[in-house]
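Chains as they are written, first to last, in the numbering used here: chain A, 4 to 280; chain B, 4 to 280; chain C, 4 to 280.
The beta carbon of each residue, even a glycine, is placed where N, CA and C say it ideally should be.
One structure is given here, and the rest of the page talks about it.
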Amino acid sequence: MKKVIALLTDFGLDDNYVGIMKGTILSINPNVEIVDITHSIEPGNIRQGAFILMTSVKYFPEDTIFVAVVDPGVGSNRNALCAKAGKFYFVAPDNGILTYTLQNYKNLKIHFFTNEKYQLENPSKTFHGRDIFAPLSAYLAMNIEISELGEETKFSKIVQLPALKCYYDSFGNLIGEVVHIDRFGNIITSLSSNALGINMHNILKQDLKWKFEIGHTKIKNISMTYSDVEEGEFLAYIGSSGFLEFGIRNGNAAKKIGAYIGQLVLAKKVGIFEQFT
Amino acid sequence: MKKVIALLTDFGLDDNYVGIMKGTILSINPNVEIVDITHSIEPGNIRQGAFILMTSVKYFPEDTIFVAVVDPGVGSNRNALCAKAGKFYFVAPDNGILTYTLQNYKNLKIHFFTNEKYQLENPSKTFHGRDIFAPLSAYLAMNIEISELGEETKFSKIVQLPALKCYYDSFGNLIGEVVHIDRFGNIITSLSSNALGINMHNILKQDLKWKFEIGHTKIKNISMTYSDVEEGEFLAYIGSSGFLEFGIRNGNAAKKIGAYIGQLVLAKKVGIFEQFT
Amino acid sequence: MKKVIALLTDFGLDDNYVGIMKGTILSINPNVEIVDITHSIEPGNIRQGAFILMTSVKYFPEDTIFVAVVDPGVGSNRNALCAKAGKFYFVAPDNGILTYTLQNYKNLKIHFFTNEKYQLENPSKTFHGRDIFAPLSAYLAMNIEISELGEETKFSKIVQLPALKCYYDSFGNLIGEVVHIDRFGNIITSLSSNALGINMHNILKQDLKWKFEIGHTKIKNISMTYSDVEEGEFLAYIGSSGFLEFGIRNGNAAKKIGAYIGQLVLAKKVGIFEQFT
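Below you can see the structure in the form of structure tokens.
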């Protein structure tokens, strides 16, 4: 069975960079299935890349090799990493892009990648996606041992991103942040259904627990889906990745209120005796 | 032989939605070939999606499974459909997106899709592309029987889009509409070569039958291809899908005249004794 | 082993054109691996397409069939070509898009493509990507002989693009041009590391040989990679394709200085006794 190599980068699709990575992979190992997660991470936005990667992995088949290249430090002395986590492999620069994904795994094996045998010869200093990470992914799909790649390390020793914002302020409000804005203008936040104590498949009894604020916009209810509100109306809901989102039915919420990545989001408890369960 | 699963959505490629659909498909059935038709349907524009799907299908191999997800009603009580039409399968929300394609088939078998066995568990209310339609397409490629999916229905009972505009006004002019504008600024209309009585492979004797109008722009001839007119000149021609198009040689016609989807288009008969053949 | 068919066009991904080409290919020959190089060549910009193709090919596997369709003359009397160069095949309109790639090969076999047996029937006049080039690539992957396609010709007889600018002016300065601007705003020029006498893997001793100018911007050094300069600072470096590039660390150089494709670029020799080696 072909193994899947799943690519996430900030290279876009307008240049030939992603195509060249695929050519490189197939030149080494034609027996793989390459899937694009996305190549539209904001240039250099490691944190957005880390979030999008984290919300993608569980939908991929066993043995998928994820190649995550958002790499503003390419060619510097930052390290390259390979990790095995549960049933997946990850290949990335050591800049934090794996933080949110790997922190969910107990069964974790991480190695620095220094073995030149599994890279292109004379790698450039500006395109390690092609010269380092694509070749490594192609070789990994050939069942090389991760221990062959370089020195072993551990999660606590690799570069970590700051956690996604999700904490209580002094008034007991839960504070989050905007982590992504999608094509429809839906505003994806860092507040997980877990943190909010919301079971997204059984939401109806819980809809009075929180009020939400983003900028000057306040939303009093949590909805199940867009069509629960009127055309053009704002709604809050637990998105398909399990995080709080804001949207407008048949409209672009982010444009309407000028939302931006990093913007603060507030969840206020309603009433007095609420409990998390 | 691998079956093709062909995807058409309004999800764009900037988010991870399409990548996640592919991961979901390959997790269930790795033995398929996934092809993107396009993911750039205008958000929620079912009609544009229906037109683009209709002009795409015949170029795909036998047994291709088309997944068409432009789905503003996701999570509401709208139904999900699976259809077998000629040599193809279709999977889509019941919102009209299949209208223009299925109406061309006599040999048609349509079922509602309700069998939870062929969906992800606990489907979300906001991403049926991932939770409902991608899994169904993966299972269909494993030769499950369409009758297993849910209750049978028929074309007249599923949601229909209004027909593409193509009618005679009281002055005997043929009225159509702009249905798509492509990357080059070519303006694709709903007037088919059939409706215009034009054989697109033998156009030269027929070029005086019609004059065309869109907005304030009038075109007196029909051309075979861009280079039939001078650089920068406007032309009308039968496009590669068999519909009347307007373009500018080495220019962007839609920008030049501010064309938009839904804009009216007029074909005026020239002379007195013309006949359709 | 599946052969790779690599696509480079100016069709974009917003329409169904590329998807239809893939459907067409797979309808004829399902036993191929289709890879997108890019579809974002500026509409009709043959020269940009030729440059991007040239910098892509060597990363692809043996026997890859490259389909390069930037084709403003579609449907006119321009010819169609098929070339075998080294270990690769090329399929393209005869408009110069293969110039920069093929000129690097000695072992070259070029045929006009006129054999209707390997095209779709009744090809349109406006979409030869679908009707001519996609089918040809699918058949080529089935090991048909290139001599079957049409009359043989040679490199000197096919349409040539003007060479990429790279010449000395009367002051002894090397003159180049901007040939591409990437997603990050990096400015790719026509000045190769060869022309500049720079070994990109051993750059440090050579950094005083040239000063560079683009518009009003002057750069005194050549860097290895972005992190060699401060955040927001301009740099010149040999890019991953072996050509001089200008960029800004964590910034968009092209936007900052308003660079454009075709803009002149200047390399001035520094000091008196420099030598190329």
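- Closer than 8 Å to the CB of residue 7/B there is at least one CB belonging to chain C.
- Within the segment 217-256 of chain C, the complete beta strand (DSSP E) segments of 3 residues or longer fall at 220-222, 237-241 and 246-251, listed in chain order.
- Where residue 30/B is concerned, there is no enclosing beta strand (DSSP E), although the alpha helix (DSSP H) around it starts and stops at 20-31.
- Beta-bridge partners assigned by DSSP to residue 271/B: 214/B.
- Residue 117/C sits in coil when the DSSP states are folded into three classes, being neither helix nor strand.
- Residue 60/B and residue 11/B have their C-alpha atoms roughly 11 Å apart.
- A straight line joining the alpha-carbon of residue 257/C with that of residue 185/C spans about 9 Å.
- DSSP places residue 138/A within a helical segment (H, G or I) once states are collapsed to three.
- By the criterion of a C-beta distance shorter than 8 Å, residue 248/C is surrounded in its chain by 189, 190, 191, 192, 239, 240, 241 and 242, once the five residues flanking it on both sides are discounted.
- When the beta-carbon positions are compared, residue 143/A and residue 68/A come within less than 8 Å of each other.
- The segment 10-25 of chain B makes no contact with the segment 224-232 of chain A: fewer than 3 CB pairs, one atom from each, lie closer than 8 Å.
- Our two residues, residue 212/C and residue 151/A, have alpha carbons roughly 41 Å apart in a direct line.
- In chain order, 26, 29, 30 and 33 make up the part of chain B whose C-beta sits under 8 Å from the C-beta of residue 64/A.
- With 16 or more other Cβ atoms inside 10 Å of its own Cβ, residue 7/C counts as buried.
- Judged by their CB atoms, residue 112/B and residue 161/B are not nearer to each other than the 8 Å cut-off.
- Taken through DSSP and simplified to helix, strand or coil, residue 191/A comes out as strand.
- For a cut-off of 8 Å, the C-beta gap from residue 227/A to residue 78/B is around 6 Å, short enough to register as a contact.
- Flagged as an interface residue toward chain B: residue 186/A, by a C-beta distance shorter than 8 Å.
- Counting only Cβ-Cβ distances below 7 Å, residue 243/C has contacts in chain A at 127, 129, 130 and 133, in chain order.
- The bridge partners DSSP lists for residue 179/C are 169/C and 268/C.
- Under the DSSP assignment, residue 41/A falls in the beta strand (DSSP E) whose first and last residues are 35-41.
- When rounded, the separation of the alpha-carbon atoms in residue 157/C and residue 44/C is 26 Å.
- Nearest in C-alpha terms to residue 94/B, of all of 121/B, 80/B and 107/B, is 121/B.
- For the pair residue 98/A and residue 49/A, the CB atoms are nearer than the 8 Å cut-off.
- The C-beta of residue 240/C comes closer than 8 Å to at least one C-beta of chain A.
- Under the DSSP assignment, residue 103/C falls in the alpha helix (DSSP H) whose first and last residues are 102-105.
- In the three-state scheme derived from DSSP, where H, G and I count as helix and E and B as strand, residue 62/A is classed as helix.
- The C-beta of residue 263/A has fewer than 16 other C-beta atoms within 10 Å across all chains shown, which makes the residue exposed.
- Neighbourhood of residue 17/C in chain B, by CB distance below 7 Å: 41, 43 and 186, in chain order.
- The CB of residue 227/B comes closer than 7 Å to the CB of 78 and 128 in chain C, given here in chain order.
- Between the segment 22-30 of chain A and the segment 79-92 of chain A, the count of Cβ pairs shorter than 8 Å is below three; the stretches do not touch.
- Distances from the CA of residue 107/A to each of 119/A, 96/A and 91/A were compared; the closest alpha carbon is that of 91/A.
- Ranked by Cα distance from residue 173/A, the first of 52/A, 271/A and 31/A is 271/A.
- For residue 23/B, the nearest beta carbon of chain A is closer than 8 Å to its own beta carbon.
- For residue 124/C and residue 130/C, the gap between their C-alpha atoms comes out near 13 Å.
- Counting only the Cα atoms, residue 52/B lies some 25 Å from residue 128/C.
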